[in-house]
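Student:
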Amino acid sequence: MNRFFFNKRARFAVCGLAVLTVAIFVLPIRSGWAAEETIKVGVLHSLTGTMAISEVTVKNATLLAIEQINASGGVLGKRIEPVVEDGASDPAIFAQKAQKLIQEQKVVTVFGGWTSASRKAMLPVFERFHSLLWYPVQFEGNECSPNIMYSGAQPNQQILPALDWAYEKGYKRIFLLGSDYVFPRTANLILKKHIAHRGLVMTGEEYVPLGGTDFSSVITKIKLAKPDIIFNTLNGDSNVSFFKQMSAAGLPPSKLPVMSFSIAEQEAKAMGPSLVAGSYAAWNYFESLSASANKQFVKAYRAKFGQDSALDDPMAHGYIDVISWAAAVKKAGTLDPAAVRKAAAQLDWADSCMGKIKFAKNQSLYQTAYVGQLQPDGEFHILWQSKEPLLPEPYDPLSFPGKSCVLQ
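The opening position of the sequence shown corresponds to residue 25 in this note's numbering, with each subsequent residue numbered one higher.
(1) CB-CB under 6 Å to lysine 382, same chain, minus the five flanking residues each way: which ones, in chain order?
(2) Around the C-beta of alanine 220, are 16 or more other C-beta atoms found within 10 angstroms, so that it is buried, or is it exposed?
(3) Applying the 10 Å Cβ sphere with the 16-neighbour rule, what's the burial state of glutamate 109?
(4) Identify, in the order they occur along the chain, each residue of the same chain with its Cβ nearer than 6 Å to the Cβ of glutamate 79, setting aside the five sequence neighbours on each side.
(5) What do you get for glutamine 331, buried or exposed, if any count of 16 or more other CB atoms within 10 angstroms of its CB means buried?
(6) May I ask you to report which of helix, strand or coil DSSP gives aspartate 420?
(7) What separation, rounded to the nearest whole angstrom, lies between the Cα atoms of alanine 317 and isoleucine 90?
(8) Helix or strand or just coil, what does DSSP make of alanine 334?
(9) Cutting at 6 Å between CB atoms, please list the residues of its own chain near tyrosine 195, excluding the five before and the five after it.
(10) Label threonine 62 either buried or exposed according to how many other C-beta atoms from any shown protein chain fall within 10 Å of its C-beta, with 16 as the threshold for buried.
(11) Assess, as a yes-or-no matter, whether the segment 116–128 is touched by the segment 96–103 under the definition of 3 or more beta carbon pairs within less than 8 Å.
(12) Can you check whether the CB of lysine 130 is closer than 7 Å to the CB of serine 423?
(13) So, are the CB atoms of alanine 334 and lysine 380 less than 7 Å apart?
(14) Go through its chain and collect everything with a Cβ distance to glycine 73's Cβ below 6 Å, but skip five positions before and after it.
(15) Check whether the Cβ atoms of phenylalanine 163 and serine 140 sit closer than 7 Å, and answer yes or no.
(16) Is it true that the CB of asparagine 171 sits closer than 7 Å to the CB of leucine 184?
(17) Could you please give the first and the last residue of the uninterrupted alpha helix (DSSP H) stretch that includes asparagine 263?
(18) For leucine 299, does the three-state DSSP call read helix, strand or coil?
(19) Give me the Cβ distance between aspartate 345 and methionine 173, rounded to the nearest whole Å; I'm assuming they're in contact under 8 Å.
(20) How long is the line joining the alpha carbons of valine 149 and valine 65, rounded to whole angstroms?
(21) Using CA coordinates, which residue listed in Val82, Ser314 and Phe199 is at the minimum distance from tryptophan 158?
(22) Can you tell me whether glutamine 320 is helix, strand or coil according to DSSP?
(23) Just verifying my parser: in three-state terms, what is the DSSP assignment at alanine 177?
(24) If you compare alpha carbons, which of Pro208, Asp204, Phe207 and Phe199 is closest to leucine 224?
(25) CA-CA distance, alanine 85 and proline 297?
(26) According to DSSP, is isoleucine 104 helix, strand or coil?
(27) Are serine 142 and proline 160 close, meaning C-beta to C-beta below 7 Å?
(28) Between the beta-carbon of leucine 359 and the beta-carbon of valine 132, is there less than 7 Å?
(29) If you follow the alpha helix (DSSP H) that glutamate 412 is in, where does it begin and where does it stop?
(30) Do alanine 315 and glycine 396 have their CB atoms nearer than 7 Å?
(31) By DSSP's criteria, lysine 382 is part of a beta bridge. Which residues make up the other side?
(32) Does glutamate 412 pass the burial test, meaning 16 or more other C-beta atoms within 10 Å, or should it be called exposed?
(33) Does the beta-carbon distance from serine 240 to proline 277 come in below 7 Å?
(34) Closest to asparagine 166 by C-alpha separation, out of Leu213, Gln120, Ala362 and Glu192, would be which residue?
(35) Can you tell me the Cα-Cα spacing of glutamine 181 and leucine 201, whole angstroms?
(36) Let me check understanding here. Comparing Cα to Cα, which of Met75, Tyr325, His341 and Asp420 lies closest to methionine 378?
If you want it as structure tokens, here you go:
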């Protein structure tokens with residue numbers, strides 16, 4: 025297990041190896057928190073429902089980071105106490121549980137959420153109570169709130185690099201398929217602008233309800249459209265049904281390539297890697313990254329949750345979010361959410377299991393983009409990566425020319 029050492033300058037392991045070094049300032053702790061024996065934080069993910077296939081392990085990675093920090097002495101001399109709640113794959117429940125965590129449990133911050141629908145349902149709660157959510161999953165952008173730290177990829181850090189890669193590989197005819205909620209629809213609006221800008225052809229666009237399992241009509245439309253590649257923004261266990269039915273229809277990934285944005289190692293393991301082997305995915309982390317920081321992260325997670333555990337991008341972000349929060353608290357010298365978010369954006373560059381990372385002033389994360397191809401053993405072979413960590417752009421320049429995110 026990694027250790028964290030504290031003195032006049034706080035040092036935090038990020039994904040198991042590298043360090044962030046931040047100055048500690050002696051500032052007052054927010055009233056009502058100083059007398060507590062522990063510091064409560066919320067951990068809010070879908071532990072049941074269609075999204076549990078993806079979110080349970082993010083919860084686990086979050087708890088791993090908390091355990092490691094506690095083993096080194098905690099934060100501001102206090103032990104972190106995680107309060108775990110189940111969002112049950114339902115945006116309304118996410119909002120209810122977020123309010124419960126803040127009002128009843130008195131947590132100082134919350135880590136969680138996956139779907140954009142869940143994030144948007146929670147956002148008014150965090151704004152109303154002046155609290156702070158750490159959101160670990162890629163999303164569609166078009167949002168900039170001081171009450172959220174967005175560590176997941178913006179479109180220019182995931183979906184648009186994937187489109188550039190597909191263009192370079194000669195995939196010119198693209199079919200868009202997604203779950204029917206905020207992220208897929210908004211991400212595809214952005215993709216369509218860039219597909220047209222590139223002079224490529226969009227051959228079709230289809231959506232199914234989140235958790236939907238019937239793809240018969242979609243597959244018929246795909247066959248008629250004859251795309252070169254499918255850009256897949258399905259979420260949760262809908263992916264299992266889609267790939268099974270595509271294979272039964274004679275269209276496995278080896279015959280019709282699929283680029284996915286919500287299938288990672290964990291989903292591939294749950295589905296059975298043979299079902300999706302050969303398909304592509306774009307992320308900012310893959311378990312197969314060779315950096316020693318990543319090897320230590322994988323080792324620590326498997327030591328706690330099982331040697332056959334698969335690790336993926338949202339898990340890495342969930343882990344990093346806790347470490348970054350703790351570093352920001354140390355830098356600010358207080359648990360106050362407004363001070364913590366400002367301190368987080370002032371943290372130095374750090375090496376991590378994902379590569380170089382840093383929160384920008386817009387409270388989103390600089391990070392490297394990767395494209396990988398899933399192997400039969402369930403790991404992704406990395407085919408491409410960006411030359412440097414990409415500046416997060418919440419508002420796509422083609423869709424919102426001149427618009428930027430400015431936070432005070």
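No residue lacks a Cβ here, since even glycine has one placed at the ideal position from N, Cα and C.
Please read these numbers as outputs of a predicted model, since none were measured by experiment.
Tutor: Considering the structure as presented:
(1) Trp373 and Tyr390
(2) exposed
(3) buried
(4) His69, Ser70 and Trp138
(5) exposed
(6) coil
(7) 18 Å
(8) coil
(9) Asp252 and Ile253
(10) exposed
(11) no
(12) no
(13) no
(14) Ala112 and Ser113
(15) yes
(16) no
(17) 262–272
(18) helix
(19) 7 Å
(20) 16 Å
(21) Val82
(22) helix
(23) coil
(24) Phe199
(25) 22 Å
(26) strand
(27) no
(28) yes
(29) From DSSP, glutamate 412 is part of no alpha helix (DSSP H); its letter is neither H nor E.
(30) no
(31) Tyr390
(32) exposed
(33) no
(34) Leu213
(35) 20 Å
(36) His341
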